[in-house]
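Protein chains: 2
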Amino acid sequence: MTATTVHQPTHREALWALEDAFERGDLITVFGRCTVEYDGRAASSLGVGRRLLVLKPDGTALVHTDENQKPVNWQPPGSEHHAAVRDGRLRVRSVHTSPDETLAVRFETVEQLSAMSVSGRRDLSVTGSEADLRNALLDRPALIESGFEPLATERPTDAGPIDLFGRDSDGRPVVVELKRRRVGPSAASQLQRYVAAIEREEGDNAAVRGILVAPSVTDRARRLLAEHELEFVAVEPPSSTGDAGENNTLDTEPAETNAFDLAVDDSAHDSAGDATGNDESEAAGTVPADEESN
Amino acid sequence: MTATTVHQPTHREALWALEDAFERGDLITVFGRCTVEYDGRAASSLGVGRRLLVLKPDGTALVHTDENQKPVNWQPPGSEHHAAVRDGRLRVRSVHTSPDETLAVRFETVEQLSAMSVSGRRDLSVTGSEADLRNALLDRPALIESGFEPLATERPTDAGPIDLFGRDSDGRPVVVELKRRRVGPSAASQLQRYVAAIEREEGDNAAVRGILVAPSVTDRARRLLAEHELEFVAVEPPSSTGDAGENNTLDTEPAETNAFDLAVDDSAHDSAGDATGNDESEAAGTVPADEESN
DNA sequence: CATTATATGTCGCGA
DNA sequence: TCGCGACGTATAATG
Chain A
1 MTATTVHQPT HREALWALED AFERGDLITV FGRCTVEYDG RAASSLGVGR
51 RLLVLKPDGT ALVHTDENQK PVNWQPPGSE HHAAVRDGRL RVRSVHTSPD
101 ETLAVRFETV EQLSAMSVSG RRDLSVTGSE ADLRNALLDR PALIESGFEP
151 LATERPTDAG PIDLFGRDSD GRPVVVELKR RRVGPSAASQ LQRYVAAIER
201 EEGDNAAVRG ILVAPSVTDR ARRLLAEHEL EFVAVEPPSS TGDAGENNTL
251 DTEPAETNAF DLAVDDSAHD SAGDATGNDE SEAAGTVPAD EESN
Chain B
1 MTATTVHQPT HREALWALED AFERGDLITV FGRCTVEYDG RAASSLGVGR
51 RLLVLKPDGT ALVHTDENQK PVNWQPPGSE HHAAVRDGRL RVRSVHTSPD
101 ETLAVRFETV EQLSAMSVSG RRDLSVTGSE ADLRNALLDR PALIESGFEP
151 LATERPTDAG PIDLFGRDSD GRPVVVELKR RRVGPSAASQ LQRYVAAIER
201 EEGDNAAVRG ILVAPSVTDR ARRLLAEHEL EFVAVEPPSS TGDAGENNTL
251 DTEPAETNAF DLAVDDSAHD SAGDATGNDE SEAAGTVPAD EESN
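Chains as they are written, first to last, in the UniProt record's numbering: chain A, 1 to 294; chain B, 1 to 294.
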């Protein structure tokens with residue numbers, strides 16, 4: 001058996017279970033009524049309530065409630081978990097140094113405590129990242145502009161590394177900033193900083209072009225680009241439930257990942273994906289839909 | 001009993017438990033060997049391994065391994081959880097629409113499945129936010145500059161809302177951008193955008209000042225500020241484990257929260273906080289310290 | 001350790 | 001819903 005659980009333990013029994021789990025380096029979940037205090041980069045206090053506490057062997061602590069993806073309180077990896085019984089109550093403290101911060105969970109009641117060994121396999125592969133977009137564009141530089149010649153990626157400048165640097169058919173330097181999704185003003189500013197840096201490098205007479213490559217831009221970002229005479233080239237976002245969805249090649253060499261539809265700004269188009277799923281026996285649980293959300 | 005658990009269930013037993021838990025709107029944890037596939041904003045695939053799956057009644061799904069604060073895979077709130085047994089294996093799918101994305105967890109073995117009702121009390125109070133800093137500065141505008149007169153917060157402009165807007169003793173418009181922690185180039189760009197927007201508003205002759213207020217700046221950011229003739233005023237970061245740590249006033253009016261030490265760039269100072277904690281019986285589990293970390 | 005940029009960022013607020 | 005910016009952002013890469 002690789003998972004041990006105690007139900008409705010006394011606080012002292014819970015402490016024993018925690019000691020064992022710490023010893024084994026297990027992943028721990030504790031469910032019960034508790035209060036939570038955090039002090040460190042900020043300070044926060046959480047009144048009593050029923051919550052789920054997750055303690056990882058790497059020092060991570062997470063306090064989850066019934067909603068939201070982010071824990072309501074947490075402690076980063078590298079913290080040290082401490083457990084004690086104080087005034088007859090289980091208390092878990094996770095302490096981190098540099099930055100100094102502490103998370104304290106005080107349990108009124110412990111409903112359940114589980115410990116289990118988990119394997120931290122790191123074989124996650126993600127496609128559709130900015131790096132994927134870059135590789136795809138290196139394959140077909142003409143999609144940025146006919147005659148564009150890539151010269152370097154991550155080219156260092158005074159203002160930081162440029163995603164993609166090259167020259168156009170006239171030999172003018174071109175700074176390309178890549179974004180995997182719709183961009184706002186900050187991306188335009190970022191591009192502008194890089195262009196300015198290259199202009200300082202190359203000399204004032206050099207007319208350096210800046211091109212933002214992304215699926216789309218917001219109005220404000222578009223205005224900012226125009227202000228600084230920067231350009232925009234549209235590429236399709238990563239094709240998720242589309243035609244390129246079968247490339248789950250985990251064993252093969254990830255040589256040429258083309259997770260992006262590379263199309264240039266030609267037209268609007270609808271991509272309706274069908275999700276056919278007929279299931280044997282199924283249970284659907286979920287969203288309150290419209291019950292009192294916000 | 002508010003927490004139900006099944007150990008080493010058959011896949012079909014696990015499905016029944018899930019159905020019940022969905023019905024009740026419980027928070028669910030499933031531990032077992034599984035593979036995970038995500039497809040949506042990006043695409044990812046995770047090989048078989050022992051992991052913890054958390055399903056929330058608001059549609060959130062989290063897949064956690066033994067390390068890292070962030071789940072290795074997840075699905076945002078608003079998703080719909082589906083469970084089914086397929087080929088004799090438990091399969092959980094969380095489906096989200098707009099953006100369309102799907103998380104699929106296929107279990108080889110289910111070690112444990114727990115369901116519990118949780119209370120989503122939202123009485124979290126955090127001090128040390130940017131809003132706290134703003135309030136503190138409104139109390140003592142002279143800390144930005146002697147004679148500075150605040151006129152508006154969140155003042156709207158073409159480039160977005162300005163944190164704090166006012167005039168100096170000469171009547172010149174002043175744009176103040178607040179950051180609660182050390183800032184990089186993006187903050188300088190942001191301030192620059194706001195200053196430019198005000199200059200367009202007020203007319204070209206108006207010499208609009210821009211002041212970045214933060215604990216400190218990076219070198220690159222400082223250079224950017226200088227380039228655009230923007231200014232910097234240092235304030236101390238929120239005092240965490242310092243002298244202002246006792247203000248956990250949850251009942252009282254949060255009228256004047258001064259979670260910031262407002263000091264202007266004068267000197268370094270040490271704030272050594274003492275954390276005295278003597279514990280009855282204690283268990284410390286944690287960080288492998290130096291075992292094979294990275 | 002500090003700086004920098006990415007992210008399936010997440011989240012809340014406001015138009 | 002989208003746009004925008006803060007966040008105890010987290011995380012990885014790099015000097």
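Ideal placement from N, C-alpha and C gives every residue a C-beta, glycine not left out. The model shown is predicted, which means the values in this text are computed figures rather than measured ones.
Q: Determine which residues of the stretch 108-124 of chain A have a Cβ less than 9 angstroms from any Cβ of chain B, and write them out in chain order.
A: Glu-111, Gln-112, Ser-114, Met-116, Ser-117, Val-118, Ser-119, Gly-120, Arg-121, Arg-122, Asp-123 and Leu-124
Q: State the start and end residues of the unbroken beta strand (DSSP E) segment that holds Phe-165 of chain A.
A: 162-167
Q. Between which two residues does the alpha helix (DSSP H) containing Ile-198 of chain A stretch?
A. 185-202
(Q) Report the CB separation of Leu-46 of chain B from Val-54 of chain B in whole angstroms; it is logged as a contact under 8 angstroms. (A) Their Cβ separation, rounded to whole angstroms, is 15 angstroms, which puts Leu-46 of chain B and Val-54 of chain B out of contact at 8 angstroms.
Q | Arg-134 of chain B (DSSP reduced to helix, strand or coil) | A | helix
Q: Whole angstroms is fine: what's the gap from Gly-32 of chain A's alpha carbon to Ser-114 of chain B's?
A: 13 angstroms
Q. Any beta-carbon of chain B closer than 7 angstroms to the one on Phe-232 of chain A?
A. no
Q. Does the separation of the CB atoms of residue 317 of chain A and Thr-5 of chain B fall below 7 angstroms?
A. Absent from the structure is residue 317 of chain A, since the part of chain A shown begins at 1 and ends at 294.
Q: Classify Thr-29 of chain A as buried or exposed, calling it buried when 16 or more other Cβ atoms lie within 10 Å of its own Cβ.
A: buried
Q) For the beta strand (DSSP E) that Phe-107 of chain B lies in, which residues bound it at each end? A) 101-116
Q) Name the chain A residues that come within less than 7 angstroms of Phe-31 of chain B, Cβ to Cβ? A) Ala-3 and Met-116
(Q) Using beta carbons (cut-off 7 angstroms, strictly below), is Pro-9 of chain B in contact with chain A? (A) no
Q) Can a CB atom of chain A be found closer than 7 angstroms to the CB of Ser-98 of chain B? A) no
Q. Using DSSP with H/G/I as helix, E/B as strand and the rest coil, what is Glu-145 of chain A?
A. coil
**Q.** Coarse secondary structure for Asp-39 of chain B, derived from DSSP in three states
**A.** strand
Q: Report the option in A:Ala-17, A:Asp-66, A:Ala-83 and A:Asp-219 whose CA atom is closest to the CA atom of Asp-158 of chain B.
A: A:Asp-219
Q: Please list, in chain order, all residues of the same chain as Ser-117 of chain A whose beta carbon is under 6 angstroms from its beta carbon, the five residues on each side excluded.
A: Thr-2 and Asp-26
(Q) Just checking: is the beta-carbon of Ser-267 of chain B within a distance shorter than 7 angstroms of some beta-carbon in chain A? (A) Low confidence applies here, because Ser-267 of chain B scores a pLDDT of 34, under 50, leaving its location unreliable; read the following figure in that light. Output row for Ser-267 of chain B: interface = no.
Q. In this structure, does DSSP put Ala-207 of chain A in helix, strand or coil?
A. coil
Q: Please list the partners that Glu-67 of chain B has in chain A, where partner means a Cβ-to-Cβ separation under 8 angstroms.
A: Lys-56, Pro-57, Asp-58, Thr-60, Pro-77 and Gly-120
Q: Please work out which residues of its chain come closer than 8 angstroms, Cβ to Cβ, to Arg-41 of chain A, disregarding the five sequence neighbours upstream and downstream, and give them in chain order.
A: Pro-99 and Glu-101
**Q.** Reduced DSSP secondary structure (H/G/I, E/B, other) of Leu-27 of chain B
**A.** strand
Q: Determine the extent of the beta strand (DSSP E) in which Val-222 of chain A is found, giving its start and end residues.
A: Reading the sequence as shown, one finds Arg at residue 222 of chain A and not Val. Counting along the chain, Arg-222 of chain A falls outside any beta strand (DSSP E), though it belongs to the alpha helix (DSSP H) covering 219-227.
Q: Please list the partners that Arg-193 of chain A has in chain B, where partner means a Cβ-to-Cβ separation under 8 angstroms.
A: Pro-185, Ser-189 and Leu-224
Q. Nearest CA to the CA of His-96 of chain B: which residue from B:Gln-75, B:Arg-140, B:Glu-145 and B:Ala-197?
A. B:Gln-75
Q) Can you give the Cα-Cα distance for Gly-171 of chain B and Ala-226 of chain B, rounded to whole angstroms? A) 22 angstroms
Q: Give a single yes or no on whether Gly-120 of chain A has its beta carbon closer than 6 angstroms to a heavy atom of the ligand MN.
A: Looking at this structure, you won't find the ligand MN or any other ligand, since it has none at all.
Q: Answer with yes or no whether the minimum CB distance from Leu-27 of chain A to chain B is below 7 angstroms.
A: yes
Q) Measuring CA to CA, which of B:Arg-51, B:Asp-58 and B:Thr-60 is closest to Asp-66 of chain B? A) B:Arg-51
Q. Between His-81 of chain B and Ala-61 of chain B, which are expected to be in contact by the criterion C-beta below 8 angstroms, what is the C-beta distance as a whole number of angstroms?
A. 7 angstroms
Q | Residue from B:Ala-14, B:Gly-147 and B:Glu-154 with nearest C-alpha to Val-92 of chain B | A | B:Ala-14
Q.
Just checking: is the beta-carbon of Ser-216 of chain A within a distance shorter than 7 angstroms of some beta-carbon in chain B?
A. no
Q. Hey, is Ala-17 of chain B's beta-carbon within less than 7 angstroms of any beta-carbon in chain A?
A. no
(Q) I need the straight-line Cα distance from residue 298 of chain A to Ala-43 of chain B, nearest angstrom please. (A) This structure cannot speak to residue 298 of chain A, because chain A is shown only from 1 to 294.
**Q.** Three-way DSSP call (helix, strand, coil) for Leu-18 of chain B in this model
**A.** helix
Q. Which first and last residues belong to the beta strand (DSSP E) in which Leu-230 of chain B is found?
A. Unbroken run through Leu-230 of chain B: none, as it is neither H nor E.
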